[in-house]
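Just so you know, we're using UniProt numbering here: the sequence shown kicks off at 1 and counts up by one. No residue lacks a Cβ here, since even glycine has one placed at the ideal position from N, Cα and C.
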Amino acid sequence: MSDLQSKIVTQDLLERSASQPIYLSSIEVVGGETFSNSFFKKLLSPLTDNSDYTLEQLLKQVDLSHKRLMKTDIFQKVDVSFHSDYVKQLPKVESYNREPSIPTKVVFDLSTLSLNAGEGFLNLNSDDILSVNLNYLNNNFLQNAEIVNLGVNYNPYKPNQHLISNGKISINLPNPSFKLISDFHNTNSNNQVWQQSSEHTSGLFSGLMYTAESKKLQTMLGLGVAKRTLHDIDDGASDDLKFFGGEFLKKSIVHQIRYKDLKFLNEITNNFPINGFTLDISNEVSTNDVQGPVASSSTSSASEPFLKSALSTNIFQSFFNNKITTHFSFDLGGIFAKSASSSSTSVHTSDRFYLGGFNSFRGFTKNSLNQDGGYQFYKLSATVYSQLPTFLYKPHHLIRLEDGHGFEANPLRLYATGNIGSVTNDGLKLNAYGDANVATSAGFGLRYFNTWANFDVGYYIANRLNDDNVAGIKDGFQFSVSIGGSNRVI
């Protein structure tokens, strides 16, 4: 018996007689007035398809409807109760039951999440002087729990100017475990500092997403198309980059799997994982076709299909009542094509792997481990977070963010971290000292975890193990600050 059934079974109606048949006289929904009737009719169909039940059958169908409502991800809470419907008369039909049916009303009491939310952030870090993030979320776009998410990221300052806009719509199918997803994006970026070019990209992805009942496992399969245009290419750029000048159309079949099982320090803010792991696997089969008048004169290798695969995992473990938390991460990826090599033009520069930058590989400037991009990469990181001594810092406990366990809602932590990684076209080597592309970095710092106002400041040193080249190395202090606001609570 499910948790929901065990709660219902103690109510008055069910205590009267577990053997007496039940006649479902009506279904009442309290809350959710902004949703259409067809929305509830679809989700409550396990109940509405019949009216005569045994107790066991009714509990099973109510449980199924309850799960469907929760899977829409728009209800914070769904309570169910049974009530004897004394004013309802049984229909005058011939019955073979030994006892008369109990007229019963089922009531679903819904507590909805915020259906409309807007938020904005100002971000500063060692790579970008200033960037602005604006997001809008509508959880009930057409009154059927369609989720629409619109976002803009804008950085007007050199050297990493960019304007990124994106939108996503999610539509529930009759079984809300399955959703239709459409995702579009449009990007303009100045890559002169690290790639000696600028790029414009616009694309669309459509597919089917499945979320398991536990919400830990999620998988997605779909089709994508993107048009990429490299322009303002510097005369000193590599021939490989110049080949991709102009327009290229990418067509892809994409499959992604994600498993997430994390426990957070505070169960309300959910901003600092203390135990558990995540696993992400991504695969795509793609082609790049030349567009425009140069298409007829381009080599056929540009449209050769290739497979791109990537794996990412994060592991968290805490000790001494969460005073010490360790975080290990491992990322690995490869591109496989018939002519995939350092001199190949089968894979667009935007599809290759890159490492370097504050959010990628600290101690190096943006994408500087291999500015031409690579067909293989790996990155291994280890970080230890430590709670500050109470004589230096004592956390404040906000009543509205108290999760019942007394843990910090927005923790402040000292940390020490180390990274090792490589981006190459010559195959990954198990022996780091045999890989001319391998790089390392280490650092320590102070980080504050807060959804709306956070910072991270640290000191880093970096090195290329088997190469004296110091290009891209960025030793010293690095920082990140983000300040935001929203009309939602957390």
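Buried or exposed (CB count within 10 angstroms, at least 16 for buried), A212: exposed
What does DSSP give as the partner residue(s) for V225 in the beta ladder? L204, K251
Give me the Cα-Cα distance between M209 and L180, rounded to the nearest whole angstrom. 6 angstroms
Only counting the same chain, and skipping five residues up and downstream in sequence, which positions put a Cβ closer than 6 angstroms to that of L369? L355, G356, V423, A439
CA-to-CA distance, K308 to T278, given in whole angstroms: 20 angstroms
Pop quiz: S386 and K323 are said to be a contact at Cβ under 8 angstroms. What is the actual Cβ separation, rounded to whole angstroms? 7 angstroms
Any heavy atom of the ligand FAD closer than 7 angstroms to the Cβ of S126? Absent from the structure shown: the ligand FAD. Ligands present: none.
Indicate whether L150 and Y136 have their beta-carbon atoms separated by less than 8 angstroms. yes
Give me the Cα-Cα distance between T269 and Y393, rounded to the nearest whole angstrom. 20 angstroms
Reduced DSSP category for D280 - H, G, I as helix; E, B as strand; rest coil: strand
Which residue marks the beginning of the beta strand (DSSP E) containing V78, and which one marks its end? Judged by DSSP secondary structure, V78 falls within the beta strand (DSSP E) whose first and last residues are 75-84.
When DSSP labels each residue in this structure, what does R362 get in the three-state scheme? Three-state DSSP puts R362 in coil, outside helix and strand.
Would you kindly work out how many angstroms separate the C-alpha atoms of A471 and L241, rounded to a whole number? 19 angstroms
Using DSSP with H/G/I as helix, E/B as strand and the rest coil, what is N188? strand
Quick check on the DSSP output: what are the complete beta strand (DSSP E) runs of length 3 or more inside the stretch 90-152, in order along the chain? 102-112, 116-125, 131-138
Three or more C-beta pairs closer than 8 angstroms, one from the stretch 250-261 and one from the stretch 218-225: is that the case here? yes
Buried or exposed: L230, going by 16 or more other Cβ atoms within 10 Å of its Cβ? buried
Can at least three beta-carbon pairs, one atom from the stretch 184-203 and one from the stretch 325-338, be found at a separation below 8 angstroms? The stretch 184-203, when compared against the stretch 325-338, does not touch it at the 8 angstroms Cβ threshold.
Span separating the alpha-carbon of S312 from that of G245: Near 31 angstroms, if we compare the C-alpha coordinates of G245 and S312.
For Q376, which option in V347, F358, L412 has the closest C-alpha, if you only look at C-alpha atoms? V347
Taking the C-alpha atoms as reference points, what is the distance between Q371 and D468? Rounded to whole angstroms, Q371 and D468 show a C-alpha spacing of 17 angstroms.
Euclidean distance between Cα positions of S480 and Y448: Their backbone Cα atoms lie some 10 angstroms apart in a straight line.
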